[in-house]
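For reference, the structure discussed in these notes is given below.
Residue numbers (my numbering): 995 to 1106.
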């Protein structure tokens, strides 16, 4: 039997850990984006780039992958105009998805 309450709580905690409040909000189409949540990607979301480029927080690689895993969806143009501090923060959250659970646990890394 699945405990849906615990599943919902875990999902909420994961979203909080995977959410970044932007230092510099993004203005797009009359909207202001102040927070961005990353969803753990599957391998298909990483296509078109290399793991080495992603681990190195290569801007072009992040411009390919972040639109596939962000809520609200960030467009490549949003990412190119983003405050570098925000890009590094999102890249750091993304890098956490590439670590095995045991490594994250030993480092107390926040992403799920």
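Idealized CB from N, CA, C, for every residue including glycine.
Burial check for residue 1048: the Cβ neighbour count within 10 Å reaches 16 or more, so the residue is buried.
When secondary structure is reduced to three states using DSSP, residue 1019 falls in the strand class.
One thing to note: residue 1043 has its Cβ no nearer than 8 Å to the Cβ of residue 1028. DSSP places residue 1032 in the strand class (E or B) of the three-state scheme.
Here the alpha carbons of residue 1085 and residue 1056 stand approximately 7 Å from one another.
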